[in-house]
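K.L.:
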Amino acid sequence: MRHPWLRFALRRTAAFAVSLAALVTITFLITQLVPGDPVRASLGPTAPASLVQERRAALHLDEPVLQQYRYYVEGLVRGDFGRSFTSGQPVAEVIADRFPMTLRLALVAFVVTLLVAVPLGMAIAVLTRGGRRPGIEKSFSLTTGFVVSVPEYLMATALVALFAVTLDWLPVTGSSDWTAYVLPLVAISAVPIAVLARITRVETLKVLDQEYMRVARSKRLPRRLLYVRHALPNTLTATLTVGGMLLAGLVAGTVIVENIFSWPGLGTAIVEAIPQKNYPLVQAVALLLGTIVLLVNFVVDMLLARLDPRSLIRES
């Protein structure tokens, strides 16, 4: 298996590198595709021409495009994302201040999603296996289908209206107290929980019909051993695949939710930067979020190849 694994790893690494290069190019083109002069747009029509020219020279916008691209890539390699147009602060410092809050919210939401969705999906599969309890199956399908259809911003707005404004149970903004996490976590993780629970149910139903599960049931094993030791590991392949995509989506999906709850993360930073035409910050945040998505997908592919060698066979 060493050579198939090596070929698989090399192909995935090459695909990751190509995708990352494309992402870097796309983020570079943000300033190139802006109509007119991006520096003039960011500084405003009344800014002195000398200041506009100085800012253009600092960003190398007065040089050929290929030369600008070279400076951009060299800056990324050094960890230099430029300076904020509005504050003059290095963009790397802005990201260092904001990113931990976004990452913390996304990781907690991911853990909550796994802890709720996987047991829920398995439990529904066990209860409804063989056409039993159709009422539970219909209720589960309708509820998860409804949750999936609700956009995150609408979910967040409804949660604020009900639990913060009407009932006054939870705060709307802030991040210092654990109660401030509740509403953003529910808004972010509700859809992933519904999606992952549905997939876990389908995968569990497939596993429960396998021959080795029938043998395990014939041995009258305790339910804990039957479902946790025998069923759960064999449902993890699809769960891990979807879970990796959900983690990548959770980091990017916090952009909308953070602004509703005034969460001091990258989401509020990029939404503030767009109307201010703060292009270096927009570029850096877009590049960071895109890299996270690519990296998570790459790691999931590697883990799947280790956990399920059949993926190497399908790949070959």
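One point on numbering: in the UniProt record's numbering, the residue at position 160 of the sequence shown is 160, and numbering is uninterrupted. Each residue gets a CB set at the ideal place from its N, CA and C atoms; glycine is no exception. All values reported here derive from a predicted model rather than from experimental measurement.
Could you please give the first and the last residue of the uninterrupted alpha helix (DSSP H) stretch that includes Phe85?
P.N.:
First-last for Phe85: undefined, no H or E at that position.
K.L.:
Give every residue of the same chain whose Cβ lies closer than 7 Å to the Cβ of Gly79, excluding the five residues on either side of it in the sequence, and list them in chain order.
P.N.:
Within its own chain, the residues whose Cβ lies closer than 7 Å to the Cβ of Gly79, once the five positions on either side in sequence are excluded, are Ala92, listed in chain order.
K.L.:
So, is Ala248 buried or exposed, given that buried needs 16 or more other C-beta atoms within 10 angstroms?
P.N.:
Per the 10 Å Cβ criterion, buried.
K.L.:
For my contact list, Ser189 and Ala109 are in at a C-beta cut-off of 8 Å; report their separation, rounded to the angstrom.
P.N.:
4 Å
K.L.:
Evaluate Tyr181 with the Cβ neighbour count: other Cβ atoms within 10 Å of its Cβ, from every protein chain shown; 16 or more gives buried, anything less gives exposed.
P.N.:
buried
K.L.:
In the structure shown, what three-state DSSP assignment does Pro90 receive?
P.N.:
strand
K.L.:
Let's test the definition: count the other Cβ atoms within 10 Å of the Cβ of Val296 and tell me whether it reaches 16, buried, or not, exposed.
P.N.:
buried
K.L.:
For the structure I just gave you, are there three or more beta carbon pairs, one from the stretch 95-104 and one from the stretch 255-266, closer than 8 Å?
P.N.:
Yes, they touch.
K.L.:
Mind checking Tyr279: buried by the 16 CB within 10 Å criterion, or exposed?
P.N.:
buried
K.L.:
To the nearest angstrom, report how far apart Val257 and Pro184 are at their CA atoms.
P.N.:
Each residue's Cα considered, the two are about 7 Å apart.
K.L.:
Identify, in the order they occur along the chain, each residue of the same chain with its Cβ nearer than 7 Å to the Cβ of Asp301, setting aside the five sequence neighbours on each side.
P.N.:
Closer than 7 Å at the Cβ level, and outside the excluded window around Asp301, lie Arg12.
K.L.:
Thinking C-alpha only, which one of Gln276, Ala164 and Val255 is nearest Leu288?
P.N.:
Val255
K.L.:
According to the neighbour-count rule (16 or more other Cβ atoms, all chains shown, within 10 Å of its Cβ), is Arg220 buried or exposed?
P.N.:
exposed
K.L.:
Using beta-carbon positions only, say whether Ile193 and Val271 come within less than 8 Å of one another.
P.N.:
no
K.L.:
Scan the stretch 233-295 and note each continuous alpha helix (DSSP H) run of 4 residues or more that stays entirely inside, going in chain order.
P.N.:
266-273
K.L.:
In angstroms, rounded to a whole number, what distance separates the CA positions of Arg55 and Leu114?
P.N.:
So the alpha carbons of these two residues sit roughly 47 Å apart.
K.L.:
Among the residues of its own chain, which have a CB less than 7 Å from the CB of Ile136, if the five just before and after it don't count?
P.N.:
Ile124, Leu127 and Thr128
K.L.:
Run through DSSP, which three-state label would Ala47 get?
P.N.:
coil
K.L.:
Among residues of its own chain, excluding the 5 on either side of Thr200, which ones have a beta-carbon nearer than 7 Å to its beta-carbon?
P.N.:
Ala117, Val118, Gly121, Met122, Thr235 and Thr239
K.L.:
Is DSSP giving Trp5 helix, strand or coil here?
P.N.:
Trp5: helix per DSSP, three-state reduction.
K.L.:
Starting from the N-terminal side, write out each stretch of the alpha helix (DSSP H) that is 4 residues or longer and does not extend beyond the stretch 112-170.
P.N.:
Under the rule that a run must span 4 or more residues, the alpha helix (DSSP H) segments found entirely inside the stretch 112-170 read 134-149 and 152-159.
K.L.:
If we ignore side chains and look at the alpha-carbon of each, how far apart do Leu304 and Leu10 end up?
P.N.:
When rounded, the distance between both Cα atoms is 15 Å.
K.L.:
According to the neighbour-count rule (16 or more other Cβ atoms, all chains shown, within 10 Å of its Cβ), is Ile292 buried or exposed?
P.N.:
Ile292 counts as buried, since no fewer than 16 other beta carbons sit within 10 angstroms of its beta carbon.
K.L.:
Just to confirm before moving on: does the CB-CB distance between Glu152 and Gly243 stay below 8 Å?
P.N.:
Taking 8 Å as the cut-off, the Cβ atoms of Glu152 and Gly243 do not count as close.
K.L.:
Kindly indicate which residue of Ala106, Arg70 and Arg198 has the alpha-carbon position closest to the one of Ser139.
P.N.:
Arg198
K.L.:
Check Leu74 in the structure and name its three-state DSSP category.
P.N.:
The sequence shown places Glu at residue 74, rather than the Leu named in the question. Helix at Glu74.
K.L.:
When the Cα of Ala273 is compared with those of Ser87, Val112 and Gln210, which residue comes out closest?
P.N.:
Ser87
K.L.:
Going by beta carbon distance, what residues of the same chain come within less than 7 Å of Thr144, once the five residues before and after it are set aside?
P.N.:
The residues are Ala194, Ala197 and Arg198.
K.L.:
Phe16 and Leu294 look like a contact to me (Cβ under 8 Å); what is the Cβ gap, rounded to whole Å?
P.N.:
6 Å
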